[in-house]
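Numbering (the numbering used here), first residue to last: 1 to 306.
Right under this line is the structure:
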């Protein structure tokens with residue numbers, strides 16, 4: 001009984017130490033491509049996707065070797081797409097050993113208040129180095145500017161890009177992003193919430209025409225949510241017109257006789273005006289009647305009497 005209590009107590013203490021020390025983390029890996037660098041992982045289905053700065057793989061689709069902390073070496077291919085400053089490497093059929101990064105729920109307040117942190121640098125042989133850094137400012141809404149904060153590491157060099165950056169508060173560490181660029185003035189970290197938004201866009205929005213990939217690699221297809229069909233509402237039946245029932249009366253009144261149509265008044269007969277005769281033509285001018293002298297009457301001799 002006493003041994004059981006001691007064992008349970010030890011288990012509780014171990015869990016408290018483990019989860020308190022770092023409850024927001026990532027799986028850091030080493031990458032050998034055109035350049036060497038680091039990255040973090042995200043499992044989707046049977047594949048493991050490695051997120052790294054775009055400068056590590058460039059725009060090629062040549063094979064890339066990824067080194068894990070347990071000394072595994074897996075060959076994958078970069079998936080070139082419009083993801084801004086980061087690139088994605090896909091490892092096919094990875095059975096275990098690929099852990100998803102997590103995003104702190106209060107990353108905004110952490111970025112405003114915390115000034116100390118560490119870079120976790122994965123090595124080719126599986127080791128993991130820690131470099132103390134100091135936050136100088138929030139460069140943009142999606143980036144943080146850091147500088148080295150130790151005597152051993154006086155500057156942040158380009159060979160460290162891709163390393164995971166954590167805010168550090170004594171024993172607590174919170175994943176904040178990955179080192180995107182580095183120069184003599186320090187390094188720029190891309191925040192993990194911005195990375196998470198880019199990956200959500202990569203898995204859910206990009207079409208196959210926008211993704212140039214190795215022929216043997218199949219990226220997850222976007223989840224298509226069917227558009228619900230509108231419910232068919234039956235047409236209402238035609239309204240019935242109810243005519244009022246005539247009420248029969250015991251003494252029906254005779255229908256009123258319509259008045260006779262008005263007799264048209266006689267129209268006066270129109271009086272035709274008398275026709276006007278044309279005036280008589282003037283008589284022709286009188287010609288003088290010629291006077292003939294009388295013919296002499298012959299004298300008859302008296303007949304003799306017998």
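Cβ atoms here follow ideal geometry from the backbone N, Cα and C, with glycine treated the same way. In this text, all values refer to a predicted model and were calculated from it rather than measured experimentally.
Query, Result
"Residue from 78, 37 and 163 whose Cα sits closest to the Cα of residue 48", "78"
"Sub-8 angstroms separation of residue 33 and residue 56 beta-carbons", "yes"
"As assigned by DSSP and simplified to three states, the class of residue 157", "coil"
"Check whether residue 52 and residue 159 have beta carbons under 8 angstroms apart", "no"
"Three-way DSSP call (helix, strand, coil) for residue 168 in this model", "strand"
"Outcome for residue 202 when other beta-carbon atoms lying within 10 angstroms are tallied against a minimum of 16", "buried"
"Residue 175 - DSSP class collapsed to helix/strand/coil", "strand"
"C-alpha gap between residue 38 and residue 87, whole angstroms", "12 angstroms"
"Rounded straight-line distance, which links the Cα of residue 109 to that of residue 31", "32 angstroms"
"For residue 107 and residue 193, believed in contact at Cβ under 8 angstroms, the rounded distance", "6 angstroms"
"Element boundaries [alpha helix (DSSP H), containing residue 110]", "107-113"
"Local conformation of residue 70 per DSSP, three classes", "coil"
"Close Cβ partners of residue 167 (< 6 angstroms) along its chain, the five nearest in sequence each way excluded", "110, 114, 117, 174 and 176"
"8 angstroms CB neighbourhood of residue 133 in its chain, flanking five on each side removed", "116, 117, 118, 119, 146, 147, 148, 149, 156, 165 and 187"
"Residue closest to residue 95, alpha-carbon to alpha-carbon, out of 89, 72 and 105", "72"
"Separation of residue 68 from residue 125, as counted between CA atoms", "8 angstroms"
"Straight-line Cα distance separating residue 105 from residue 58", "32 angstroms"
"Residue 76 burial status per 10 Å Cβ neighbour count (16 or more: buried)", "buried"
"Residue burial classification, residue 143 (beta-carbon count within 10 angstroms, cutoff 16)", "buried"
"Classification of residue 128 by the beta-carbon crowding that lies within 10 angstroms, buried from 16 upward", "exposed"
"Anticipated Cβ contact below 8 angstroms, residue 40 with residue 178, distance rounded", "6 angstroms"
"Limits of the alpha helix (DSSP H) - the one that residue 200 falls within", "192-204"
"Exposed unless 16 or more other CB atoms sit within 10 angstroms - verdict on residue 162", "buried"
"Exposed unless 16 or more other CB atoms sit within 10 angstroms - verdict on residue 182", "buried"
"Secondary structure of residue 312, DSSP reduced to three states", "This structure leaves residue 312 out entirely; the chain is present only between 1 and 306."
"Among 151, 123 and 91, nearest to residue 64 - alpha-carbon criterion", "91"
"Sequence-distant residues of the same chain with beta carbon closer than 7 angstroms to residue 154, five excluded per side", "148"
"8 angstroms Cβ cutoff met for residue 180 and residue 112", "no"
"Start-to-end residues for the beta strand (DSSP E) that takes in residue 118", "116-122"
"Sub-8 angstroms separation of residue 29 and residue 122 beta-carbons", "yes"
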